[in-house]
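This report refers to the structure that appears directly beneath it.
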Amino acid sequence: MKHFLTLVVVIIIGLGVEVSSVTSRNNTRAGKLTVACGATTSQNCTYLVQEATTNPPANPCTFTICKQSSDICRIRLDFTTFSIAGPAIGTTSTGTSIPEDKGGSVGDCNVDSFSVTAPGYKSSPVVCGFNSGQHMILDASGICHKATFDFTGTGSTRQFDIKVITFQQHLQRYLQQ
1 MKHFLTLVVV
11 IIIGLGVEVS
21 SVTSRNNTRA
31 GKLTVACGAT
41 TSQNCTYLVQ
51 EATTNPPANP
61 CTFTICKQSS
71 DICRIRLDFT
81 TFSIAGPAIG
91 TTSTGTSIPE
101 DKGGSVGDCN
111 VDSFSVTAPG
121 YKSSPVVCGF
131 NSGQHMILDA
141 SGICHKATFD
151 FTGTGSTRQF
161 DIKVITFQQH
171 LQRYLQQ
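The sequence shown begins at 1 in the UniProt record's numbering and counts up one residue at a time.
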């Protein structure tokens, strides 16, 4: 019995795109399309990736996510790995006043932040910190979405691996899983 495995790896330098695909004897594919900062994609099941670093290669780091077809209605981002600088922290005491320039920042993403535009719809909230295992779902716009990381300061290790999944109108029921 013959067994074979074909491995195809394509790296396009300058565009930040890497396609890895494995084909087995029964012609099944386990492919992963990963893109780096600055890339544009309209492929379902794309991964937005940044390996662990304290010095991101781009700031801001923006990904452009476009619909592959007009019947795409939702975009789901699964945060397989998501770790950037966390929100501002602070404490207050009863009866003490908070300086006007300090109190408003507690809980805000002042160092690093991530958000996704949804032209014509409600954009994502601004998030930061450790969000591995979480996800967000956006209405898919006819205009491309911008997923943007803003990095400020040094010393924080930033790393993310976000799976982008698009859903057609007749497949919306799977969003609940």
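Yeah, the Cβ is synthetic: ideal placement off N, Cα and C, and Gly gets one too.
No experiment lies behind these values; they were computed from the predicted model shown.
task: Apply the 10 Å Cβ neighbour rule to Gln68 and answer buried if 16 or more other Cβ atoms are within range, or exposed otherwise.
output: What you label residue 68 is simply residue 68 of the sequence shown in a count that begins at 1. Burial call: exposed.
task: Please work out which residues of its chain come closer than 6 Å, Cβ to Cβ, to Val106, disregarding the five sequence neighbours upstream and downstream, and give them in chain order.
output: As a working note, residue 106 is residue 106 in the sequence shown. These residues qualify, in order along the chain: Ala88, Gly90.
query: Residue ranges of each beta strand (DSSP E) run of no fewer than 3 residues wholly in the stretch 27-60, ordered along the chain?
result: Taken in chain order, the complete beta strand (DSSP E) segments of 3 residues or longer contained in the stretch 27-60 are 29-35, 46-53.
- prompt: In terms of residue numbering, what span does the beta strand (DSSP E) encompassing Cys73 cover?
  reply: Along the sequence shown, one-based indexing puts residue 73 at 73. That run of the beta strand (DSSP E) goes 72-83.
- request: Compare the Cα-Cα distances from Ile75 to each of Val116, Arg158, Thr157, Leu33 and report the closest residue.
  value: Within the sequence shown, the letter at position 75 stands for residue 75. Ranking Val116, Arg158, Thr157, Leu33 by CA distance to the CA of Ile75 puts Val116 first.
Residue nearest to Pro60 in terms of C-alpha spacing, selected from Ala36, Asp161, Met136: Start at 1 with the first residue of the sequence shown, and residue 60 comes out as number 60. Measuring from the Cα of Pro60, the nearest candidate turns out to be Ala36.
message: Are the CB atoms of Phe167 and Ile72 within a distance shorter than 8 Å?
response: Taking the first residue of the sequence shown as position 1, residue 72 is located at position 72. Taking the first residue of the sequence shown as position 1, residue 167 is located at position 167. Contact annotation: Ile72 and Phe167 have beta-carbon atoms nearer than 8 Å.
query: Given Phe82, which residues of its chain have a CB within under 6 Å of its CB, disregarding the five upstream and five downstream residues?
result: Position 82 of the sequence shown, counting from 1, holds the residue named residue 82. Cβ neighbours of Phe82 beyond the five flanking positions: Asn131, Ser132, Phe160.
message: Bridge partners for Lys163 per DSSP, in chain order?
response: If you number the sequence shown from 1, residue 163 lands on position 163. Lys163 is bridged to Tyr47, Asp78.
task: Whole angstroms is fine: what's the gap from Gly155's alpha carbon to Val164's?
output: In the sequence shown, residue 155 corresponds to position 155, counting from 1. In the sequence shown, residue 164 corresponds to position 164, counting from 1. One C-alpha to the other measures close to 28 Å.
message: Can you check whether the C-beta of Phe151 is within less than 8 Å of a C-beta belonging to chain B?
response: As a matter of chain content, chain B is missing from the structure shown, which is built from one protein chain.
- request: Measure the Cβ-Cβ separation of Thr54 and Asp112 and say whether it is below 8 Å.
  value: Position 54 of the sequence shown, counted from the first residue, corresponds to residue 54. Position 112 of the sequence shown, counted from the first residue, corresponds to residue 112. Contact flag unset, no.
message: Using DSSP's beta-bridge definition, name the partner residues of Ser132.
response: Reading the sequence shown from its first residue, position 132 is the one you call residue 132. Ser132 pairs with nothing; no bridge assigned.
field: Pick from Thr157, Thr64, Leu77, Gln169 that is closest to Gly119, judged by C-alpha positions
entry: Position 119 of the sequence shown, counting from 1, holds the residue named residue 119. Per the sequence presented here, residue 119 reads as Pro, with Gly not at that position. For Pro119, the closest of Thr157, Thr64, Leu77, Gln169 by C-alpha to C-alpha distance is Thr64.
- request: Spell out the partners DSSP gives Lys146 in its beta bridges.
  value: Stepping through the sequence shown from its first residue, residue 146 is reached at position 146. Beta-bridge partners assigned by DSSP to Lys146: Thr64.
Beta carbon of Thr148 nearer than 8 Å to that of Thr34: Position 148 of the sequence shown, counted from the first residue, corresponds to residue 148. Position 34 of the sequence shown, counted from the first residue, corresponds to residue 34. Their beta carbons are not under 8 Å apart, which means Thr148 does not touch Thr34 by this criterion.
message: Quick check: the Cα distance between Lys32 and Asn110, rounded to an integer number of angstroms?
response: Locating residue 32 in the sequence shown gives position 32, counting from the first residue. Locating residue 110 in the sequence shown gives position 110, counting from the first residue. One C-alpha to the other measures close to 33 Å.
field: Among Thr41, Ser70, His135, nearest to Ile162 - alpha-carbon criterion
entry: Here residue 162 refers to the residue found at position 162 of the sequence shown. Here the closest residue by C-alpha is His135.
query: Mind checking Gly52: buried by the 16 CB within 10 Å criterion, or exposed?
result: Counted from its first residue, the sequence shown places residue 52 at position 52. A quick correction: the sequence has Ala, not Gly, at residue 52. By the 10 Å Cβ count, Ala52 comes out exposed.
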